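Scroll down for the structure; my scribbles are underneath it.
Protein chains: 2
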Amino acid sequence: MTIEYKTRTQLVVEILREKILSGEIVAGQPLRQAALAKELNVSRIPVREALLQLEAEGLVAFEPHKGASATELCAAQVDELFDLRAMIEGDLLAASLIHITDDALEQAANILLNLDSALGKENAANTWSELNSDFHNCLYSGANRPQTASLVNVLNKNADRYIRMHLLWAGGISKAGPEHAELLAFCQARDIENAVAKLKQHILNSRDEIKAFLSQREAS
Amino acid sequence: MTIEYKTRTQLVVEILREKILSGEIVAGQPLRQAALAKELNVSRIPVREALLQLEAEGLVAFEPHKGASATELCAAQVDELFDLRAMIEGDLLAASLIHITDDALEQAANILLNLDSALGKENAANTWSELNSDFHNCLYSGANRPQTASLVNVLNKNADRYIRMHLLWAGGISKAGPEHAELLAFCQARDIENAVAKLKQHILNSRDEIKAFLSQREAS
DNA sequence: TTATAATAGATTGTATAAAATAGGCAATTG
DNA sequence: CAATTGCCTATTTTATACAATCTATTATAA
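As structure tokens, this is what we get:
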């Protein structure tokens, strides 16, 4: 195992992303460079560059001379984001299933076990979203489309915020467990059509649950 | 008309992006921060931040402590990039045509006129790609999906490199002219199905032409 | 009182300088 | 002579310092 070097900028990116995804940094709240630098014990330059990277990921908005803030969560964005995911991930899964190895499917099954057991535990939202991402990436591993895969990962980093919030506030993506199992079964059977349909349904279901939750919260 | 303030970082982004898209900065060539800073008469910080932004756009690759370079152009990327475009832009067009205004369509028609006349002129590749982008954005204006639109723009900034190269080296996207006209006609008729089919065909056609050109060049 | 201008403080953007790192070359060792 | 180690240089990364910009508050005039 080679130990990988990380620049401070990269470390700051990871810390801030986690803070945004976990909700510790709340949307709209201004992110003062000097304060963050002091808190993380680095200079402002790595903080600035980290914020720029997070802006590219869509988690942060930058306004010249005014500063950065975590982007707001709203129902309209959920629509766009999850529709995009359903379309792109559906396509990616179809391409992947043609070439996917048994090995990858077995790995996906293992992740699924961990996923189920993670739901009850302490830090559910954080570990769940990571495992969820692993599971999906596993299913897409046969596609051999690096650019599309990285685009999917960026979109998922955004979706994560909503999914975690939902997990945290509403007690779980209720249908995700059985849907994952069904999806995996179709993949193992190399039934492309049904697998893609199930995946899209899975993504659009969470979209609807999250939207309902958001509009309910916006009302109050 | 308000004149918009631009930070140096933003100016450097635009200059470098133009240099990469136009081919003045060739793929793979290392981009030395100090040299760029001196050339553009700014310090290295704005250059660094500009390079980071371009990395997020996919035009530049960053390796820690080694530096940045313009990403390579290859046939495999073209496949992914243009397939993604066809899928996403097709969907976006369908959503847009439901609500699009006559005003937007008229504007698109005007751009088309300029597009045709631009092809013969001096700086064809540069102005053509900008007008091309405007034309498509115009058609998508009814969708009211800001996130999807900005994603499309990022993808197009990548596709631009290939399109310009093709224009420059091979004398033009031969079929683009008539295809644009047909596409606009379907849009004006609000014929969603045919419009989307034409758009996808248009994008996939350029994909094939560019791929053929690239593999031919790679052979030599 | 209300609107506008001036000012102070805070914050961001940029430049310069110092520290850290990678890659190559020479010296050393077996 | 080959291989390894240590040093040197080029380059990037980070820190510090300064300049430009914004925001809020106060002062001034209509």
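Order-wise, the sequence lines are chains S and U.
First residue of the first sequence: 434, per this note's numbering; consecutive thereafter.
First residue of the second sequence: 434, per this note's numbering; consecutive thereafter.
For each residue, glycine too, the CB sits at the ideal point set by N, CA and C.
Just so it is clear, the structure is predicted and the values come from calculations on it, not from any experiment.
Quick check for students: name the residue ranges of the alpha helix (DSSP H) that lie wholly in the region 544-611 of chain U, counting only runs of 4 or more. 557-573 and 579-603
Does residue 436/U get closer than 7 Å to chain S when you measure Cβ to Cβ? With a pLDDT of only 47 at residue 436/U, under 50, the local geometry of the prediction cannot be trusted, and the value read off the model is given with reservation. For residue 436/U, the answer is no, since every Cβ of chain S falls outside 7 Å of its Cβ.
Does any C-beta atom of chain U lie closer than 7 Å to the C-beta of residue 479/S? no
I'd like the list of long-range same chain contacts for residue 504/U, defined as Cβ closer than 7 Å, with 5 residues on each side in sequence excluded. 460, 491, 492, 493 and 494
Backbone CA spacing between residue 439/S and residue 506/S [nearest angstrom]: 30 Å
I'd like to know whether the C-beta of residue 489/S is nearer than 7 Å to at least one C-beta of chain U. yes
Which residues in the same chain as residue 421/S place their Cβ atom closer than 8 Å to its Cβ, once the five residues preceding and following it in sequence are excluded? Nothing about residue 421/S can be read from this structure; chain S reaches only from 434 to 653.
Determine whether the Cβ of residue 496/U lies closer than 7 Å to any Cβ atom of chain S. no
Extent of the continuous alpha helix (DSSP H) run through residue 500/S: Per DSSP, residue 500/S belongs to no alpha helix (DSSP H); it is in the beta strand (DSSP E), 500-503.
Since I believe residue 581/U is in contact with residue 632/U (beta carbons under 8 Å), could you give me their beta-carbon distance rounded to a whole number of angstroms? Wrong, their Cβ atoms sit about 15 Å apart, outside the cutoff.
Can you pull the chain U residues whose beta carbon is under 7 Å from the beta carbon of residue 485/S, in chain order? 482, 485 and 486
Where do the N-terminal and C-terminal ends of the alpha helix (DSSP H) with residue 626/U fall, by residue? 625-652
Proximal residues of chain U, C-beta to C-beta of residue 400/S below 8 Å: In this structure chain S extends from 434 to 653, so residue 400/S is not present and cannot be described.
Can you find a C-beta in chain U that's less than 7 Å from the C-beta of residue 641/S? no
Tell me which same chain residues have a C-beta within less than 6 Å of the C-beta of residue 648/U, skipping the five on either side of it? 508
Shorter than 7 Å from the beta carbon of residue 513/S to some beta carbon of chain U? yes
Just to check my reading of the structure: residue 620/S and residue 530/S have Cβ atoms closer than 8 Å, yes? What is that Cβ distance to the nearest angstrom? 6 Å
Taking only the alpha-carbon atoms, compute the straight-line gap between residue 578/S and residue 644/S and give it to the nearest angstrom. 30 Å
Name, please, each residue of chain S whose Cβ falls closer than 7 Å to the Cβ of residue 524/U. 520
Using beta carbons (cut-off 7 Å, strictly below), is residue 504/U in contact with chain S? no
Quick one: is residue 440/S near chain U, going by C-beta distance under 7 Å? yes
Taking 6 Å as the cut-off, is the C-beta of residue 445/S nearer than that to any heavy atom in the ligand PLP? With respect to small molecules bound, the structure shown includes none, and the ligand PLP cannot be examined in it.
For the candidate residues 573/S, 555/S, 553/S and 546/S, whose alpha-carbon lies nearest to that of residue 625/S? 573/S
Alpha-carbon spacing of residue 434/U relative to residue 447/U, whole angstroms: Bear in mind that a pLDDT of 37 at residue 434/U, under 50, signals an unreliable position, so the model cannot answer this.
Would the beta-carbon of residue 518/U fall within 7 Å of that of residue 562/U? no
I want to verify the contact list: residues of chain S whose CB lies under 7 Å from the CB of residue 510/U, in sequence order. 580
Is the beta carbon of residue 568/S sitting closer than 7 Å to the one on residue 544/S? yes
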